[in-house]
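This report concerns only the one structure given below.
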Amino acid sequence: MRITKIEPLVLGTPWRDLTYLRVHTDDGIVGVGETRMLGHTEALLGYLNEAARNHVIGADPFNTEALVWRMKRGDYGRAGEVVMSGIACVEMACWDIVGKALGQPVWRLLGGNVRDGIKAYANGWYTVERTAEQFHEAARAVVDRGYRALKFDPFGPGRWELEPAEARRSVELVSAVRDAVGPDVEILVEMHGRFTPAEATRIAKELEPFDPSWIEEPVPPENQEALAKVSRNTTLPVATGERIHDRTEFRELFAHQSADIIQPDIGHFGGIMETRKLAATAETHYVLLAPHNVGGPVLTAANLHLAAVTENFKIQEHFNDFADSHVKQAAPGVPEVADGYFALPTGPGLGVELDVDFVREYPARGARFDLYAEDWQFRGTKGESAS
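So the sequence shown is numbered by my numbering: it starts at 6 and just counts up by one.
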């Protein structure tokens, strides 16, 4: 079997572009991969065009390890977010092809499941004004939908440090969410790399009474020593990793014991197997895995297959029940969240099929997402009805 063509398609929303890649083979099997880009979609499409002729066309989709190595190392230049995202799309699609060819879900081909359900947390649910009342109401809707965990960034456009009134307001939002969901629902507090180590530590202390299961990316991701400083000075678990795109770059994080939970994004990390290799290394350091996922249904499906086989998996992020819920129609087949858990996918390959006509109904719209802008939490929906 050989790859004969790759076919990228982009589904647009106001704040994210979902790039799907159909990988065609000479025996008619078509696999699909996906990534979500913020501001770099055109760069990704350009890379895929070059990678197709240099590495992908003519490759055997069963020889994924060799293909990933060529794409990552064969161009000599260091692979960053764009290249690793392109690799992820191709690698994911290859697993889909192999599973379809063998009539098996990918998780069976990765060694079989170590769990029967995959705990999920909701994100994208707080497209409301930053008031305690509105956050309280929105959080209740998440629990009513069946989730037992939810994540949110209460800090508005904050950067480096917060003014006293803004700090109080942010803590009040966390308090309102905890009050809304009760003591048995996990709350996860996102910091989006906003703060200095001192400010992150101070805020973490204020959040302790609300028992968040983690604080996420408390400082910018480039400086592991700064992150370690936060970890040493808070009792709360620390999560990070969505903006790290290579397994090697986690070495320093593990050495410094900077984080308790790592959050690689399969769609930016070279795909399923690269992420699984990282998870195995994390397990030797007693670090849990909670993959970052702002993707649509194909990327979500890939995450479920990885979660099924990963011993140190903690929880799976999911946006699509609250933000741009229509995107689920792009590739039907992902199990719905029920009582806080995804069921394991059962179909061959990734278990989803891309609806090309649907994707083409939603072309790219010049998505823009600025975490330092006022009202960013509306994700493009303020002033218009959400899709």
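Yeah, the Cβ is synthetic: ideal placement off N, Cα and C, and Gly gets one too. If you're wondering where the values come from, they're calculated on a predicted model, not measured in any experiment.
CB contact flag (residue i, residue j, <8 Å)
{"i": "F3", "j": "M89", "result": "Residue coverage of the chain in this structure runs from 6 to 392, which leaves residue 3 outside it and unanswerable."}
{"i": "D61", "j": "I102", "result": "Note on residue identity: the sequence assigns Val, not Asp, to residue 61. Result no, Cβ atoms of V61 and I102 do not sit closer than 8 Å."}
{"i": "I271", "j": "V292", "result": "no"}
{"i": "Q321", "j": "P340", "result": "no"}
{"i": "Y131", "j": "A143", "result": "yes"}
{"i": "G394", "j": "L23", "result": "The chain is shown only over 6 to 392; residue 394 falls outside these bounds and no answer can be derived."}
{"i": "A227", "j": "H197", "result": "Note on residue identity: the sequence assigns Glu, not Ala, to residue 227. No, they are not a contact pair."}
{"i": "I123", "j": "A172", "result": "no"}
{"i": "V35", "j": "A369", "result": "no"}
{"i": "E1", "j": "N317", "result": "The question about residue 1 has no answer here: the residues shown for the chain are numbered 6 through 392."}
{"i": "Q262", "j": "A233", "result": "yes"}
{"i": "E204", "j": "E166", "result": "yes"}
{"i": "G161", "j": "R135", "result": "yes"}
{"i": "A306", "j": "R120", "result": "no"}
{"i": "P242", "j": "W219", "result": "yes"}
{"i": "H310", "j": "P350", "result": "yes"}
{"i": "V133", "j": "G276", "result": "no"}
{"i": "L53", "j": "P19", "result": "no"}
{"i": "G82", "j": "L49", "result": "no"}
{"i": "A3", "j": "T40", "result": "Here the chain covers residues 6 to 392 and nothing more, so residue 3 does not appear."}
{"i": "K43", "j": "F374", "result": "Sequence inspection shows Leu at residue 43; the Lys mentioned does not correspond to that position. Yes. Within cutoff."}
{"i": "E279", "j": "R252", "result": "yes"}
Bridge-paired residues (DSSP) for residue i
{"i": "R41", "result": "L23"}
{"i": "H323", "result": "A127"}
{"i": "I266", "result": "A244, L293"}
{"i": "A343", "result": "Y346"}
{"i": "F318", "result": "L294"}
Simplified DSSP assignment, three categories, for residue i
{"i": "E47", "result": "helix"}
{"i": "G91", "result": "helix"}
{"i": "V28", "result": "strand"}
{"i": "K156", "result": "strand"}
{"i": "Y131", "result": "coil"}
{"i": "L193", "result": "strand"}
{"i": "A244", "result": "strand"}
{"i": "P169", "result": "helix"}
{"i": "R164", "result": "strand"}
{"i": "I102", "result": "helix"}
{"i": "S392", "result": "Note that S392 scores a pLDDT of 36, beneath 50, so its modelled location is shaky; the value from the coordinates is reported in the next line. The answer is coil: DSSP assigns S392 none of H, G, I, E or B."}
{"i": "I271", "result": "helix"}
{"i": "V119", "result": "coil"}
{"i": "F374", "result": "coil"}
{"i": "V332", "result": "helix"}
{"i": "V35", "result": "strand"}
{"i": "A185", "result": "helix"}
{"i": "A84", "result": "coil"}
{"i": "V299", "result": "coil"}
{"i": "K387", "result": "coil"}
{"i": "N54", "result": "helix"}
{"i": "R237", "result": "helix"}
Residue i - containing alpha helix (DSSP H), residue span
{"i": "W74", "result": "69-78"}
{"i": "P302", "result": "302-314"}
{"i": "L212", "result": "202-212"}
{"i": "F347", "result": "Element bounds for F347: not the alpha helix (DSSP H) but the beta strand (DSSP E), 346-348."}
{"i": "E288", "result": "277-289"}
{"i": "W381", "result": "Careful: W381 lies outside any alpha helix (DSSP H) and carries neither H nor E."}
{"i": "E227", "result": "That residue, E227, is in no alpha helix (DSSP H); it is neither H nor E in DSSP."}
{"i": "E138", "result": "137-149"}
{"i": "E257", "result": "256-261"}
{"i": "V61", "result": "Looking at the DSSP string, V61 is not in any alpha helix (DSSP H), and its letter there is neither H nor E."}
{"i": "V111", "result": "111-114"}
Whole-number beta carbon distance between residue j and residue i, since they are thought to touch under 8 Å
{"i": "K333", "j": "P302", "result": "5 Å"}
{"i": "A343", "j": "D360", "result": "With 8 Å as the limit, A343 and D360 do not qualify as a contact, their Cβ atoms being about 23 Å apart."}
{"i": "R153", "j": "E195", "result": "In fact, because the Cβ distance is near 18 Å, the residues do not count as touching under 8 Å."}
{"i": "V95", "j": "G38", "result": "6 Å"}
{"i": "L4", "j": "P217", "result": "No statement about residue 4 is possible, as the shown extent of the chain runs from 6 to 392 and does not include it."}
{"i": "E257", "j": "Q229", "result": "5 Å"}
{"i": "A106", "j": "H141", "result": "About 50 Å; that fails the 8 Å criterion."}
{"i": "G129", "j": "R384", "result": "7 Å"}
{"i": "G354", "j": "G187", "result": "That pair is no contact at about 39 Å."}
{"i": "H250", "j": "E86", "result": "5 Å"}
{"i": "F215", "j": "R183", "result": "4 Å"}
{"i": "Y25", "j": "V364", "result": "6 Å"}
Endpoints, beta strand (DSSP E) assigned at residue i
{"i": "T9", "result": "8-17"}
{"i": "E366", "result": "Here E366 belongs to no beta strand (DSSP E), and DSSP marks it neither H nor E."}
{"i": "E358", "result": "Looking at the DSSP string, E358 is not in any beta strand (DSSP E), and its letter there is neither H nor E."}
{"i": "I220", "result": "219-221"}
Test: residue i CB closer than 8 Å to a CB of chain D
{"i": "G17", "result": "Protein chain content of the structure displayed is limited to a single chain, and chain D is not contained in it."}
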